[in-house]
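Read through the structure below, which is laid out as structure tokens, and then see the notes.
Protein chains in written order, with the working numbering: chain H, 300 to 449; chain B, 7 to 295.
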């Protein structure tokens, strides 16, 4: 099973040579693959605890650590397909892998994919915050004393 | 659309559906989320992006005159083209793009009332075809300072006790929300508002379906309840100037205010400026409520 770093490299390679419009088309393909929330997670959504506050559109993330490794459940509003696509990429990249590999994902991922130029600095900053949110969530899940961290 | 000061600046979804390929009209989509245009847009519409197309990529400013002329030509817009803007987020970015076009004096700009939301609610078709664009002929004047306020002017305006409208959420206005614990800072070092500014959050101007509220409701909100005056020079601001372009649009075109400027530097500039006045709390002057 490939590591998070290998998977990220492969995704970067898929994106990097595409022109702007094609990059967005590929991002939409990822967005379409984001799985729906399983029922046990969906029931927690109403509490709002898992909402990512720095996003203006509703984005809910549940980074979980299971016996099989990392797992990212997410729900993103349909009107934010860019966010949905990026979250789907991260969900596929971290699936079933150990937390330390997830923490090693570089923060300049969007620059490496060449998406930063297509999206501009403010959107890039917002998406980078989502990556940070996932890393913090998984770190907290793997470190019992950090459980209460946001 | 009765009762608005300039009802002609609003067009309906129906009108847009009929004019998507009209050679005298260019439909322009401007969004918060760029992938939305790729996913589907009004047939015949081009995309103009606020970050990538309208802003200079080196200086913190808009594209210069030559850059604006090129943007228009490339998108098949000539000086006499009717440009109709629409987008997501209740037309925030559509109003922002409309405002930049007015900054460069484009005569005929309109907004599709309701934006993407209404188009979607009505079950209208989305297209993924990019229109074949015949380059336009465009010459632009220098920027029109009557719609844009820069920092020094805002400071002078504030010192003179003139009306300011802060259109952010009550939490941002009050200074409680700058960033969440452990979350990245949104980009300002201080929270609060410009002393004297009244807080009229932008969502109060729009209906559930994304259309603008009636002239009567807007009049009540901005004039009767808040006491803004049509003839007083007024400045609107938010965080980066997008939500306040919507309020600028409402005040200028729907309510007929004579001298409204958008402070596009907004809180991302003011909240970082050294030495400018800032107050916290729910009242304009920061005194206890």
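Just so it is clear, CB atoms sit at the ideal spot from N, CA and C, and this is done for glycine as well. This structure is a prediction, so every number in the text was calculated from the model and none was measured.
Taking only beta-carbon atoms, is residue i less than 8 Å away from chain B?
| i | result |
| --- | --- |
| residue 357 of chain H | no |
| residue 418 of chain H | yes |
| residue 371 of chain H | no |
| residue 334 of chain H | no |
| residue 362 of chain H | no |
| residue 413 of chain H | no |
| residue 350 of chain H | no |
| residue 405 of chain H | no |
| residue 387 of chain H | no |
| residue 391 of chain H | no |
| residue 430 of chain H | no |
| residue 304 of chain H | no |
| residue 320 of chain H | yes |
| residue 439 of chain H | no |
| residue 434 of chain H | no |
So, is the C-beta of residue i closer than 8 Å to a C-beta in chain H?
| i | result |
| --- | --- |
| residue 116 of chain B | no |
| residue 270 of chain B | no |
| residue 195 of chain B | no |
| residue 94 of chain B | yes |
| residue 156 of chain B | no |
| residue 70 of chain B | no |
| residue 130 of chain B | no |
| residue 41 of chain B | yes |
| residue 288 of chain B | no |
| residue 106 of chain B | no |
Helix, strand or coil: which one does DSSP assign to residue i?
| i | result |
| --- | --- |
| residue 343 of chain H | coil |
| residue 312 of chain H | helix |
| residue 16 of chain B | strand |
| residue 81 of chain B | coil |
| residue 404 of chain H | coil |
| residue 375 of chain H | strand |
| residue 394 of chain H | coil |
| residue 173 of chain B | coil |
| residue 227 of chain B | helix |
| residue 96 of chain B | helix |
| residue 199 of chain B | strand |
| residue 429 of chain H | helix |
| residue 282 of chain B | coil |
| residue 35 of chain B | strand |
In the DSSP assignment, what residue or residues form a beta bridge with residue i?
| i | result |
| --- | --- |
| residue 61 of chain B | B:68 |
| residue 368 of chain H | H:365 |
| residue 115 of chain B | B:89 |
| residue 329 of chain H | Partner(s): none; residue 329 of chain H has no beta bridge. |
| residue 47 of chain B | B:133 |
| residue 268 of chain B | B:154 and B:242 |
| residue 298 of chain B | Residue numbering for chain B in the displayed model covers 7 to 295; residue 298 of chain B lies beyond these limits and cannot be assessed. |
Please report the distance separating the alpha-carbon of residue i from that of residue j.
| i | j | result |
| --- | --- | --- |
| residue 115 of chain B | residue 42 of chain B | 22 Å |
| residue 27 of chain B | residue 128 of chain B | 20 Å |
| residue 337 of chain H | residue 326 of chain H | 23 Å |
| residue 376 of chain H | residue 94 of chain B | 12 Å |
| residue 209 of chain B | residue 250 of chain B | 11 Å |
| residue 411 of chain H | residue 320 of chain H | 17 Å |
| residue 429 of chain H | residue 359 of chain H | 10 Å |
| residue 164 of chain B | residue 73 of chain B | 32 Å |
| residue 187 of chain B | residue 269 of chain B | With a pLDDT of only 44 at residue 187 of chain B, under the threshold of 50, the placement of this residue in the model should not be trusted, and no figure is reported. |
| residue 130 of chain B | residue 212 of chain B | 21 Å |
| residue 416 of chain H | residue 233 of chain B | 43 Å |
| residue 75 of chain B | residue 144 of chain B | 6 Å |
| residue 88 of chain B | residue 387 of chain H | 39 Å |
| residue 310 of chain H | residue 426 of chain H | 16 Å |
| residue 122 of chain B | residue 278 of chain B | 34 Å |
| residue 68 of chain B | residue 259 of chain B | 23 Å |
| residue 37 of chain B | residue 135 of chain B | 18 Å |
| residue 183 of chain B | residue 312 of chain H | 39 Å |
| residue 261 of chain B | residue 228 of chain B | 9 Å |
| residue 281 of chain B | residue 157 of chain B | 12 Å |
| residue 349 of chain H | residue 394 of chain H | 19 Å |
| residue 314 of chain H | residue 322 of chain H | 6 Å |
| residue 382 of chain H | residue 59 of chain B | 21 Å |
| residue 396 of chain H | residue 340 of chain H | 20 Å |
| residue 371 of chain H | residue 406 of chain H | 18 Å |
| residue 17 of chain B | residue 356 of chain H | 26 Å |
| residue 329 of chain H | residue 35 of chain B | 23 Å |
| residue 248 of chain B | residue 99 of chain B | 6 Å |
Pull up the CB-CB distance for residue i and residue j, whole angstroms please, since I reckon it's below 8 Å.
| i | j | result |
| --- | --- | --- |
| residue 117 of chain B | residue 101 of chain B | 7 Å |
| residue 5 of chain B | residue 257 of chain B | As displayed, chain B neither begins before 7 nor continues past 295, which places residue 5 of chain B out of reach and without an answer. |
| residue 150 of chain B | residue 195 of chain B | Not confirmed; about 31 Å, so no contact. |
| residue 253 of chain B | residue 153 of chain B | Actually they do not touch by this definition, with Cβ atoms about 13 Å apart. |
| residue 244 of chain B | residue 173 of chain B | 5 Å |
| residue 285 of chain B | residue 201 of chain B | 5 Å |
| residue 421 of chain H | residue 57 of chain B | 6 Å |
Under the criterion of a Cβ to heavy atom distance below 7 Å, does residue i qualify as lining the ligand NAD?
| i | result |
| --- | --- |
| residue 316 of chain H | Annotation note on the ligand NAD: not contained in the displayed structure, which lists no ligands. |
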